[in-house]
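Residue numbers (my numbering): 268 to 987.
Idealized CB from N, CA, C, for every residue including glycine.
One structure is given below, encoded as structure tokens.
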């Protein structure tokens, strides 16, 4: 930055245009005009900054880094003029007005002659001379028609509002609808147009996130169409503004954002004035430490900024979400301390990482910033996900924050950039092992479920016998938790003439009022084994696994009125034999309600064999027994018996937490007695007409058995 005294004016270079900046000597005025001078110098225009020697020294010491740098090839030239000494009264004056600065202000009178001579010199050397002066240095306007200045100069007044800017500014955290005449100073860190999904032309509102110098954030909204266009052109991301004459409302609406209780609304006459940047944080980052995610439970309205090294990217995972085909991709970030954080992206967001996955061998250390993102909990697992409109992503951008993050890695002993290559892996589908499936559960036969006198997790191996169609097959569910959603009935229509209709809402027991719902399976089936039957409740994932079709696909095929029909596609469940793990709860015992909700389900042989071990003993089925089965099935008026049910027996071992009584096989004594030893489940069933039945043969047989002593007759004594 060049500096020269008054004597330097004799050797000024010739130029087409010269700008002379004349500030007032108060610190707030000096700062703003210095910032303007530096901006002008970046356009390769010669800039001359006029000041007193004393105040110029103060200006340099206080503004080393607060303003953007000037053009190195075209530095600002400072002209420092000496003035007579002035008294410095005590700063502890009884009057709050800074009267101790008054002598300094009055000393500017002595600059009139020096500044006039300087401008006159410029007028003879340059084609045009632009004089930019503070409004308190208005004496320059007195010379604008002076012949000594020449016709090639013109004056421009700089309206400095340093005092009004520093007064009556409300912090964003203190905004309240009860306050009048609120003025805020904030940076716009994100701006977007809210619209229905897939319909960008149907704009609801213009929304933005504002952040003040203290880091507080608030959402601002513009709803009227003509005002959306107006403020959309005024507001730029990264710029700072002084905003006044706006409304304060409740932070609600269709998509509430941030944890702030209120948000602000722009009116037609809302005042928006761009001001100089109040800090170097142009993007407005507020990075959340990774350790906070394990220590704090975040709310749905919380937004966070995270920065980390991309250590792994999963392959795209296609899935169906309520009838819509989507793609999911997980990205794992890691901080300098090795703590990892999972981020989840969908569809277009997931596609952003394709080029980084394909070129990971040449990219090396990749740093990502995710700003204004949401914290999501799914099945107890935390992940960071983009919000609907506001989230911004920066990957290997030329930002000071990313460069500083890389430098922290380089300070680690033994740092090797090759160790920070991105890994690609396919997320393995979760497979439930036998230990997890059987852990903490009681093995049961279906007929013994109700024998338990306390709540427990039970497992049965049974076949789906029938479906309880009378209980329906689908229900309306909350998309966030799967709970049943009930439509909220609006008692009175809105009297407002606004064209913006309130979105339809539903009631969820967990999330209260919601706007996102979808159809899910809810099917009650009857399962059976050779000891009894029971009713089990299957929800969405289990029905989808058994049938291979989603609930929304059936709704799309047959219609929204799911109560009026039962899809034939669900019948494929009948006849399937699986292991079912369910919770036998206190509710079932107390209320005599014996419909059990299935928690796990498996048809894996390894888990089935582990279930049968020391519990179900099956005799090997020989060829002779199979032939006997075929003969019985081909006979007339016969009940077919499955080999498994005919040969299955049970043993009560020490490892079983309950008793099972097994029926002993038919003994030789029964055969010798001439009794029928056939099982009730095998052989023929004879139909006898009792009206035409001749019992003489049976009576003769009975008398013979009495004579042989096989049967004993009860002696009946005569009454006295």
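Under three-state DSSP, which class holds residue i?
i           : result
residue 488 : strand
residue 773 : strand
residue 478 : strand
residue 840 : helix
residue 423 : strand
residue 833 : coil
residue 335 : Any reading at residue 335 must be qualified, since the residue scores a pLDDT of 48, below 50, and its modelled position is unreliable; no value is offered.
residue 613 : strand
residue 528 : coil
residue 721 : coil
residue 315 : strand
residue 265 : The chain is shown from 268 up to 987; residue 265 falls before or after that span and cannot be answered.
residue 827 : coil
residue 585 : strand
residue 661 : strand
residue 498 : helix
residue 288 : strand
residue 568 : coil
Near residue i, what residues of its chain come up, given a Cβ to Cβ distance below 8 Å and the 5 sequence neighbours on each side ignored?
i           : result
residue 593 : 585, 586, 587, 613 and 614
residue 812 : 868
residue 617 : 583, 594, 595 and 596
Going straight from the alpha carbon of residue i to that of residue j, what length do you get?
i           : j           : result
residue 513 : residue 446 : 11 Å
residue 564 : residue 610 : 16 Å
residue 741 : residue 772 : 20 Å
residue 475 : residue 292 : 37 Å
residue 502 : residue 518 : 21 Å
residue 827 : residue 786 : 10 Å
residue 608 : residue 560 : 8 Å
residue 296 : residue 290 : 6 Å
residue 997 : residue 525 : Outside the displayed range of the chain (268 to 987) lies residue 997, so it cannot be described from this structure.
residue 287 : residue 462 : 49 Å
residue 945 : residue 800 : Low confidence applies here, because residue 945 scores a pLDDT of 42, under 50, leaving its location unreliable; read the following figure in that light. Straight-line Cα distance between these residues: approximately 24 Å.
residue 545 : residue 380 : 35 Å
residue 495 : residue 487 : 12 Å
residue 335 : residue 308 : Because residue 335 sits at a pLDDT of 48, beneath the cut-off of 50, its placement in the model cannot be relied upon, and the following sentence gives the value as read from the coordinates. Straight-line Cα distance between these residues: approximately 11 Å.
residue 552 : residue 621 : 26 Å
residue 387 : residue 305 : 23 Å
residue 708 : residue 871 : 17 Å
residue 385 : residue 346 : 9 Å
residue 294 : residue 320 : 14 Å
residue 527 : residue 558 : 23 Å
residue 568 : residue 717 : 46 Å
residue 798 : residue 712 : 7 Å
Assuming residue i contacts residue j (C-beta within less than 8 Å), just tell me the rounded distance between them.
i           : j           : result
residue 731 : residue 810 : The Cβ separation is near 11 Å, so there is no contact.
residue 285 : residue 393 : 4 Å
residue 458 : residue 504 : 6 Å
residue 967 : residue 844 : Residue 967 to residue 844, Cβ: 50 Å. No contact.
Note down, in chain order, each residue of its chain lying with its Cβ closer than 7 Å to the Cβ of residue i, except the 5 sequence neighbours on either side.
i           : result
residue 554 : 572, 573 and 574
residue 833 : 736 and 740
residue 536 : 512
residue 682 : 676
residue 784 : 743, 744, 745, 746, 752 and 773
residue 377 : 350 and 351
residue 668 : 552, 574 and 636
residue 497 : none
Closer than 6 Å by C-beta to residue i: which residues in its own chain qualify, once you throw out the five before and the five after it? Chain order, please.
i           : result
residue 765 : With a pLDDT of 45 at residue 765, under the threshold of 50, the modelled position of that residue is not reliable, and the figure given next carries that caveat. For residue 765, where only same-chain residues beyond five positions count, there are no Cβ hits under 6 Å.
residue 641 : 652 and 654
residue 748 : 777
residue 401 : 290, 291, 296, 425 and 427
residue 911 : Interpretation of residue 911 is limited by its pLDDT of 42, a score under 50 that renders its predicted location unreliable; no figure is taken from the coordinates.
residue 316 : 288, 304, 343 and 345
residue 802 : 791, 793 and 862
residue 540 : 509
Under the DSSP definition of a beta bridge, which residues are partnered with residue i?
i           : result
residue 643 : 650
residue 450 : 436 and 511
residue 601 : 576 and 607
residue 802 : 793 and 862
residue 850 : 724
residue 637 : 573 and 660
residue 745 : 784
residue 690 : 579
residue 845 : 729
Would you say the beta carbon of residue i comes nearer than 8 Å to a heavy atom of the ligand MN?
i           : result
residue 724 : Among the components of this structure there are no ligands whatsoever, and the ligand MN is therefore not found.
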